[in-house]
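Residue numbers (the working numbering): 3 to 293.
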């Protein structure tokens, strides 16, 4: 009987998409074909899990896994680790960590491009009520859970350690994946006792890059209407692009945190950063500027 026994845990922009693709490329592992099924972030998680397990394509795999960044949101949904343990106490957990300030800027671009400023993205991945993301980055980092709230890495680690043995959890670092992917995948494969996949240069996914700001939902619906499409077909391309750029308000992407914001974030996260680096056997200067 198939049972999910491998979970990639880590908020968005931690490299979870890359790991999902890497693991699914291994013949010993079958990952959920849906990236981010998020079953355990709902109160009816048991029914959702049973529905998902039927979608796994391969039989007799050593691991059946999934990757849902929301599972790291233990401050928002503290029940998730316990739900996973209740489902499978023998599961293995891969927990990813990334330098917090860099991740915050990366998630800011992603959330703007996917419209979190209009409709909370949490409505698509959980049954928890969260207001839409503020359009000012200095407010969003404190008020929207995807930012500082989900950067308490050591708190996330502790929440899973309370449910799973140390040998069931593997802490990995995003920067190691960037700097030395071969060693990164070797370490990961040793943890899972699987064969290292070849052609690793083809694995890297979702590098980010330039993002565009999502258009207001009702404007998007108007533009996609058949009548609007016929009218727009007669408009020069450069005019349509200029209008869309105005509607997207790209200035939102250019917002930066002040030195005061950065200092405050580092003060709030200092304990978690210091302890997660210690757990990962990293030096204090692994993430420059923190100590």
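Beta carbons are placed, not taken as given, at the ideal position from N, Cα and C, and that holds for glycine.
If you're wondering where the values come from, they're calculated on a predicted model, not measured in any experiment.
Checking 7 Å against the spacing of the C-beta atoms, do residue i and residue j come in under that value?
i	j	result
residue 274	residue 156	yes
residue 97	residue 11	yes
residue 196	residue 30	yes
residue 43	residue 127	yes
residue 95	residue 186	no
residue 152	residue 68	no
residue 110	residue 82	no
residue 173	residue 282	yes
residue 176	residue 258	no
residue 114	residue 279	no
Using the rule of at least 16 other Cβ atoms within 10 Å of the residue's Cβ for burial, across every protein chain shown, is residue i buried or exposed?
i	result
residue 125	exposed
residue 135	buried
residue 181	exposed
residue 212	Here the model assigns residue 212 a pLDDT of 47, short of 50, so the residue's position is not dependable, and the following value carries that caveat. So residue 212 counts as exposed.
residue 293	exposed
residue 26	buried
residue 3	exposed
residue 260	exposed
residue 123	buried
residue 167	exposed
residue 178	buried
Please state the DSSP three-state secondary structure of residue i.
i	result
residue 9	strand
residue 117	coil
residue 259	coil
residue 67	strand
residue 82	helix
residue 186	helix
residue 93	coil
residue 127	coil
residue 293	coil
residue 196	coil
residue 99	strand
residue 42	helix
residue 111	helix
residue 284	coil
residue 172	strand
Determine, using beta carbons only, whether residue i comes closer than 7 Å to chain B.
i	result
residue 193	Protein chain content of the structure displayed is limited to a single chain, and chain B is not contained in it.
Closer than 6 Å by C-beta to residue i: which residues in its own chain qualify, once you throw out the five before and the five after it? Chain order, please.
i	result
residue 64	30
residue 105	15
residue 87	165
residue 28	196, 199
residue 225	Here the model assigns residue 225 a pLDDT of 47, short of 50, so the residue's position is not dependable, and the following value carries that caveat. Result list for residue 225: empty, nothing under 6 Å.
residue 2	A query on residue 2 cannot be resolved here, the shown segment of the chain reaching from 3 to 293 and no further.
Output needed for residue i: all residues of its chain with C-beta closer than 7 Å, excluding positions within five of it in sequence on either side, in chain order.
i	result
residue 78	130, 147, 151
residue 50	41, 44
residue 18	10, 12, 69, 71, 98
residue 38	69, 70, 71, 127
residue 60	32
residue 163	171
residue 296	This structure leaves residue 296 out entirely; the chain is present only between 3 and 293.
Beta-carbon within less than 8 Å of residue i's beta-carbon, same chain only, minus the 5 sequence neighbours each way: which residues are those?
i	result
residue 264	103
residue 57	34, 35, 36
residue 84	165
residue 55	4, 5, 6, 66
residue 149	106, 109, 110, 142, 143
Using a Cβ distance threshold of 8 Å, determine whether the stretch 267-284 contacts the stretch 155-169, with at least three qualifying pairs required. yes
Three or more beta-carbon pairs under 8 Å between the stretch 18-34 and the stretch 117-124, yes or no? no
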